[in-house]
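Undergrad: Here it is, the structure in full.
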Amino acid sequence: MSNPVKLPIEFYNREVKSVAKSLLGKIFVRRNDDLVMSGIIVEVEAYNGKGDEASHSFNGMTKRNEIMFGRAGHLYVYFTYGMHFCANVVTGKEGFGAAVLIRAIEPIDGISTLAKNRFFKENISHKELINLCNGPAKICQAFSIIREQNGINLSGDEIYILDAPEIPTSKIVSTPRIGIKKSIDLLWRYYIKDNPFVSKK
DNA sequence: ATCAAGATTACCT
DNA sequence: GGTAATCTTGATA
């Protein structure tokens, strides 16, 4: 087995749709001391800094979205619907306001912890495993990501993403983004074809 | 100050 | 397929 290495800042400092597609197949890791949770990123969405009406950054910087306008390679966490958190990776140059929403993860390590966070029990059925991280708010609940993690540097040791081989273009499916009412013509949602941990076909 | 919408989810028929 | 839950945020006055 090869040495896993954290994605460098240059990885994130690129055009948001390229980063989004490249993030598929990479390993998302959350570490708390000796506790490790991880999984394969299988579904993402790109939100651009310019000309994207569905993006939080569309109307300029606010207190809520300021991390989105910060440096690439940091985590943008927001609260929505009065009860859910969603996690994004900031991309591109500082001040641009682009980010990739992580929508689904195939669990690998720390599944009993992920399960406890989501379902308040360690042993789960196959159905519950599929349902563990197949949605942006489910990921945050499973990985214990809240307001506190907003702005975290992905070069650090608490939350980071490990490199892994690129998913070939032939295995990447593009669709409209989920749950938005503007810019629905843009096919900026990407997921790994035939992966059972994707949120929706 | 007020208010409507929201990058969702779980549970219902 | 439909909708309640739940509250922060940003826009408007």
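Under this note's numbering, the first sequence has 136 at position 136, and the numbering climbs by one with no breaks.
C-beta: ideal position from N, C-alpha, C; glycine also.
Note that the structure is predicted; figures quoted are calculated from it, not measured.
#1: How about I67 and N153: do their beta carbons lie closer than 8 Å?
#2: Out of K17, E15 and K127, which has the shortest C-alpha to C-alpha gap to P196?
#3: Alpha carbon to alpha carbon, how far is K50 from L162? Give it in angstroms, no decimals.
#4: Where does P136 fall in DSSP's three states?
#5: Would N134 be called buried (16 or more neighbouring beta carbons within 10 Å of its own) or exposed?
#6: Assign D157 to one of two classes, buried (16 or more other C-beta atoms within 10 Å of its C-beta) or exposed (fewer than that).
#7: Out of curiosity, what's the CA-to-CA distance linking K93 and L7?
#8: Taking 8 Å as the threshold, find out whether the region 137-148 comes into contact with the region 99-114 through three or more Cβ pairs.
TA: If we stick to the structure as given:
#1: no
#2: K127
#3: 28 Å
#4: helix
#5: buried
#6: exposed
#7: 17 Å
#8: yes
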